[in-house]
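Asks: Mind looking over this structure? Questions follow.
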Amino acid sequence: MHRRFKAWMDSKRHSRQRIPWDPEMPCLPNPRLYALTPSPSQEQITKLAETVPFFRLPLELRRKILIHAFGNRTVHMDLVLTHPLREPLNVDTSHRSIDPKYRFCGGGRGAEHLYPYTQQNLGLDTSQPKCWQWRGCVCHRLLPPEYKITVKFPHYAKPGDDRCCDGWGTHCRVWTRKHGRSDSCWIGVMGWLLTCHQAYAEGIEILYGTNIIHISSKPLLTNLSTLVLPQRLSIMTSLEIVFSLDNHERQSKAVPNQQELDNGLLILDTYFPHLLSLHLGLRLNLPIVEETEWEIKRKPAYLQGILQSVDAFVKRRSDLPHLDHFRDAFLLSMSESAYKDFKTDVQNDSRHHFKFEGVQVWRHLASEPLVLDDEGEIVNATVDNGYWIWGDFEDRDIPEPPRLPDPRPYTLTPSASMEQLVQSKQTTLFFQMLPPEIRRRILIEAFGDQTVHMDLTYDHPPAQGDKDKLAHALIQVWSSGVDKSRPKCWYWRRCTCHRVPPPWDCSWARGYSMTAVANDECCVGLAHCCRMWTNNGKKLYWCWIGAMGWLLTCRQAYAEGIDVLYSTNTIHISSATLLADLPAYIVPQRLSAITSLEIIWLVDSDYRSGKNVAREKDLNTILLILDNHFPSLKRLNLALKLGLPKDAPAQLEHLFEILDGFFIRHLSDRMREPFAVSISYVAYKGFGREIVRAQGYKGQVFHWQIWRFFGGEYALPQVPWSGDYFDTTPGARFNNGYWIYPGEVNDPRWKEREQDSRA
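Counted from 1, the sequence shown has number 316 at position 316 by UniProt numbering; the numbering is strictly sequential.
What follows is the structure in structure tokens.
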């Protein structure tokens, strides 16, 4: 009876869960309504030449111009199922501005490719359902052709390593500097194609016929005939293709799915008959056996089957009359761990030649033996009798973080009916009979009114420390807080913050700089005030908040406890992954309940006119996040980690002007303390020195906090080391300014400054 009842309950529960359906692909209409590029008549061509100056030029000259404009590149063409991109804003200061000079900073870091459409900069609108989208851009994975990168460089990025469509173009800055414009991540062809039929006909041939097309989308490859016109596919001559192959275990080895590879190679034979150049990247996703500090050890790969399939493919391209022969040698790249297994298997095989100490291997398919010249180069290697095999870095790929289910199967905290509340009081022995305000006070005393960490990180799991050594959260400090013998994974970092001393301990002078948010190391076991959170030797305030037991008791306990947890605690967040897409990890009603935050955020800088100029767009990004997701915010301590490329003064006034407007929007009569912002110590030294000089102070007194009024004026505490900064600062009020203080201590001379200021 019990088993049948359980089976019945499981079937009912699963039947209530909604099954998400993927939307239909944007296939070509069948039949097509009309031909998009009809052959122009002689009369139309003559009329174009008379009215449009460009078409008076000879055809070969027009072709050269079009190739220079949007040809001879590597371009991405992918179809993905994901959330739609956010619309750019027509606001200069926005990180999603439609003006290229504001949305692309050209600093050279990979994350700026395709800016602003990167995951770090809110490119995806997760509030809208997923849909099929075309992804296209210029590939900046490689350096421009004039750099002549050869196989001597083992860090040459292969197609399987490419992350351009995710916003990571490794050499984006080099291409931008070369072309001298800030929008070179996009090929920019649509304006020309929409001009007229003749422009479309000539331009589309250049686009598909002269560029290297990079395709890594499995849905696109398996549905090519319904998504791309056959005449477009037939004129493609150069491809970079990425296949992701599943694998199964056989005799303690991972065997890639050969049938998937054969199907993919058949697609290439069917739809791309005129290929002259092909680089095929294989993502094998081999299971992880062990992950150390220096390398990832994966299960050995059995590659004989897939290599035989590739051998047959190369021979077909040279033997079948309806397929063009390769002009360039075929390139095959595979995951680094599989490549190492391959080199081990063939190191004594005379049919394989190792070049540049194994950076690439030539696999010889001809019956005659390999012949080498005096310099070790292969004399009898041709595109018809072999191909090159490389290794890439795909083993270092990071999996997707754990997001909330979309759609959610059920509501976790439905509103309780009056009947349920009455029944709850009758069945609960004691707690529910108390008045709501008493219950709330008890819950706040249990796990409220503290600072708690909430971060999502990809790293080795935490290393458990020794209880007797009083390590914070039992984390081993000596190992940076992680267990490197276990593989990396996504996990939530959470503990009570013991960076700040408890309210009853008066041994420390109160001030932001003494316990700077940017210097918090609780999650790696370094909490300097952990011992202070005891009372007569008893750990009344442990390193964990300990709320899960209560939250799992019943729905009523969850509803009351979760509100106390989010609304009364100060939430400390330093994870950019979490902040960039908050609704994907935390339900909106929890975010709207948060009233107090500590945030760590990176603001990069550009070196211009002898100064490190902080980037407005980086600051606007985090302020937009706070505006959109934290409507109840009453307290904020924002730590800005400034990236300073040069040893030069920092220009920060424009950042404070932006912060003025943000803080004014969030002023409230219920504020518990003023807002606060920290900047890197090196930048604060120069900034504070200018303020002290402008205020007419003399001597070597170093002010660890400076009050900024919303109008742009500054005030200094009268007694810098009293700890009572607010009351000793003339004119300071909760509603007329905020604190600026030094945060990240990245200058070894800061201790000398501290000693001088105390003297």
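Using N, Cα and C, we set each Cβ at its ideal position, and we do this for glycine too.
Along the beta strand (DSSP E) that carries residue 816, what are the first and last residues, could you check?
Replies: Since the first residue shown for the chain is 1 and the last is 759, residue 816 is missing from the structure and cannot be characterised.
Asks: Given 8 Å as the limit, is there contact between the region 580–590 and the region 600–616, that is, 3 or more CB pairs closer than that?
Replies: no
Asks: Can you tell me where the beta strand (DSSP E) holding residue 255 begins and where it ends?
Replies: Within the sequence shown, residue 255 is the residue found at index 255, counting from 1. 253–256 is the extent of the beta strand (DSSP E) around residue 255.
Asks: Roughly how many whole angstroms lie between the Cα atoms of residue 703 and residue 554?
Replies: Your numbering for residue 703 matches position 703 in the sequence shown. Your numbering for residue 554 matches position 554 in the sequence shown. Their backbone Cα atoms lie some 51 Å apart in a straight line.
Asks: Suppose contacts are defined by Cβ-Cβ distances below 8 Å. Is residue 517 in contact with residue 440 by that definition?
Replies: Your numbering for residue 517 matches position 517 in the sequence shown. Your numbering for residue 440 matches position 440 in the sequence shown. The answer is no: Cβ separation not under 8 Å.
Asks: Closest by CA to residue 792, which one among 219, 235, 56?
Replies: Residue coverage of the chain in this structure runs from 1 to 759, which leaves residue 792 outside it and unanswerable.
Asks: In angstroms, rounded to a whole number, what distance separates the CA positions of residue 310 and residue 80?
Replies: By one-based count along the sequence shown, residue 310 stands at place 310. By one-based count along the sequence shown, residue 80 stands at place 80. For residue 310 and residue 80, the distance between alpha carbons rounds to 27 Å.
Asks: If you check the beta carbons only, do residue 544 and residue 496 fall under 8 Å apart?
Replies: Walking along the sequence shown from the start, residue 544 turns up at place 544. Walking along the sequence shown from the start, residue 496 turns up at place 496. Going by C-beta atoms, residue 544 is nearer than 8 Å to residue 496.
Asks: According to the neighbour-count rule (16 or more other Cβ atoms, all chains shown, within 10 Å of its Cβ), is residue 618 buried or exposed?
Replies: In the sequence shown, counting from the first residue as 1, residue 618 sits at position 618. Flag for residue 618 reads buried.
Asks: Please look up how many angstroms separate the CB atoms of residue 687 and residue 652, rounded, as I've assumed it's under 8 Å.
Replies: Sequence index remark: in the sequence shown, residue 687 carries index 687 (1-based). Sequence index remark: in the sequence shown, residue 652 carries index 652 (1-based). Between residue 652 and residue 687 the Cβ distance is about 6 Å, and since that is below 8 Å, they are a contact.
Asks: Identify, in the order they occur along the chain, each residue of the same chain with its Cβ nearer than 6 Å to the Cβ of residue 781, setting aside the five sequence neighbours on each side.
Replies: With the chain covering only 1 through 759, there is no way to say anything about residue 781.
Asks: For residue 299, which residues in the same chain have their Cβ closer than 6 Å to its Cβ, ignoring the five residues on either side in sequence?
Replies: The residue you call residue 299 lines up with position 299 of the sequence shown. Here the set comprises 254, 286, 287, 289.
Asks: If I follow the unbroken alpha helix (DSSP H) through residue 688, where does it start and stop?
Replies: What you label residue 688 is simply residue 688 of the sequence shown in a count that begins at 1. Per DSSP, the unbroken alpha helix (DSSP H) holding residue 688 starts and ends at 681–694.
Asks: The alpha helix (DSSP H) with residue 214 in it runs from where to where?
Replies: Stepping through the sequence shown from its first residue, residue 214 is reached at position 214. First-last for residue 214: 212–215, but that is the beta strand (DSSP E), not the alpha helix (DSSP H).
Asks: Whether or not the region 209–225 and the region 69–85 are in contact is what I'm after, with contact meaning three or more pairs of Cβ atoms, one per stretch, closer than 8 Å; do they touch?
Replies: Output reads yes: the region 209–225 touches the region 69–85.
Asks: Where residue 614 and residue 640 are concerned, what is the direct C-alpha to C-alpha distance, given to the nearest angstrom?
Replies: One-based indexing of the sequence shown puts residue 614 at position 614. One-based indexing of the sequence shown puts residue 640 at position 640. Going from the Cα of residue 614 to the Cα of residue 640 covers about 10 Å.
Asks: How many Å lie between residue 152 and residue 358 at the Cα?
Replies: As a first step, residue 152 must be located in the sequence shown, where it is residue number 152. As a first step, residue 358 must be located in the sequence shown, where it is residue number 358. Confidence in residue 152 is poor, its pLDDT being 46 and thus under 50, which makes the residue's placement unreliable; the coordinate value appears in the next sentence. So the two alpha carbons sit approximately 10 Å from each other.
Asks: Mark residue 125 as exposed unless 16 or more other C-beta atoms lie within 10 angstroms of its C-beta, in which case mark it buried.
Replies: Along the sequence shown, read from residue 1 onward, the residue named residue 125 stands at position 125. Counting other Cβ atoms within 10 Å of its Cβ, residue 125 stays below 16 and is therefore classed as exposed.
Asks: Here's the rule I'm using: 16 or more other beta-carbon atoms within 10 Å means buried, otherwise exposed. How should residue 96 be labelled?
Replies: On the sequence shown, residue 96 is found 96 positions in, with the first residue counted as 1. No answer about residue 96 holds up, because its pLDDT of 42 lies below 50 and its placement is not dependable.
Asks: For residue 381, which option in 163, 362, 390 has the closest C-alpha, if you only look at C-alpha atoms?
Replies: Position 381 of the sequence shown, counted from the start, is the residue given in the question as residue 381. It is 362.
Asks: When we look at the beta-carbon of residue 741 and count the other beta-carbons within 10 Å, is it buried (16 or more) or exposed?
Replies: In the sequence shown, the residue the question calls residue 741 occupies position 741. So residue 741 counts as buried.
Asks: Out of 172, 349, 456, 491, state which residue places its alpha-carbon closest to the alpha-carbon of residue 365.
Replies: Start at 1 with the first residue of the sequence shown, and residue 365 comes out as number 365. Comparing Cα-Cα distances from residue 365 to each of 172, 349, 456, 491, the minimum goes to 349.
Asks: Who does residue 307 pair with in a DSSP beta bridge?
Replies: One-based indexing of the sequence shown puts residue 307 at position 307. Paired residue(s): none; residue 307 is not in a bridge.
Asks: How many whole angstroms separate the CB atoms of residue 242 and residue 283, which I take to be in contact at a CB cut-off of 8 Å?
Replies: Taking the first residue of the sequence shown as position 1, residue 242 is located at position 242. Taking the first residue of the sequence shown as position 1, residue 283 is located at position 283. Right, the Cβ-Cβ distance comes to about 6 Å (below 8 Å), so this counts as a contact.
Asks: Would a C-beta distance cut-off of 8 Å place residue 764 and residue 715 closer than the cut-off?
Replies: This structure leaves residue 764 out entirely; the chain is present only between 1 and 759.
Asks: Here's a check: name, in chain order, each residue in its chain whose Cβ is nearer than 6 Å to the Cβ of residue 483, leaving out the five neighbours to either side.
Replies: Within the sequence shown, residue 483 is the residue found at index 483, counting from 1. Around residue 483: 460, 461, 463.
Asks: Residue 261: buried (16+ other C-beta within 10 angstroms of its C-beta) or exposed?
Replies: As a position in the sequence shown, residue 261 is number 261, starting the count at 1. When all chains shown are included, residue 261 counts as buried.
Asks: In whole angstroms, give me the CA-to-CA distance for residue 108 and residue 64.
Replies: Taking the sequence shown and counting its residues from 1, one reaches residue 108 at position 108. Taking the sequence shown and counting its residues from 1, one reaches residue 64 at position 64. The predicted position of residue 108 is uncertain, since its pLDDT is 37 and thus under 50; no value can be drawn from it.
Asks: Could you work out which residue in 519, 681, 542, 374 is closest to residue 502 when comparing CA atoms only?
Replies: For this step, residue 502 is matched to residue 502 along the sequence shown. Closest option to residue 502, Cα to Cα, is 542.
Asks: Can you look up residue 82 in the DSSP assignment and give me helix, strand or coil?
Replies: Walking along the sequence shown from the start, residue 82 turns up at place 82. Looking at residue 82 - three-state DSSP - the assignment turns out to be strand.
Asks: Is the beta carbon of residue 239 closer than 8 Å to that of residue 278?
Replies: Along the sequence shown, read from residue 1 onward, the residue named residue 278 stands at position 278. Along the sequence shown, read from residue 1 onward, the residue named residue 239 stands at position 239. Yes; because the gap between Cβ atoms is below 8 Å, this pair is in contact.
Asks: Does residue 599 come out as helix, strand or coil in the three-state DSSP assignment?
Replies: For the purposes of this step, residue 599 is identified with residue 599 of the sequence shown, where counting begins at 1. In the displayed model, residue 599 falls within a strand according to three-state DSSP.
Asks: Residue range of the alpha helix (DSSP H) that residue 628 falls in?
Replies: Indexing the sequence shown from 1 puts residue 628 at position 628. Per DSSP, residue 628 belongs to the alpha helix (DSSP H) from 616–629.
Asks: So, with DSSP's three-state summary, where would you put residue 319?
Replies: As a first step, residue 319 is located in the sequence shown; it is residue number 319 there, counting from the start. In this structure, residue 319 counts as helix in the three-state DSSP scheme.
Asks: According to the neighbour-count rule (16 or more other Cβ atoms, all chains shown, within 10 Å of its Cβ), is residue 443 buried or exposed?
Replies: Sequence index remark: in the sequence shown, residue 443 carries index 443 (1-based). Residue 443 sits buried, since 16 or more C-beta atoms from the chains shown fall within 10 Å of its C-beta.
Asks: Tell me the rounded alpha-carbon separation between residue 597 and residue 520.
Replies: Along the sequence shown, one-based indexing puts residue 597 at 597. Along the sequence shown, one-based indexing puts residue 520 at 520. About 14 Å.
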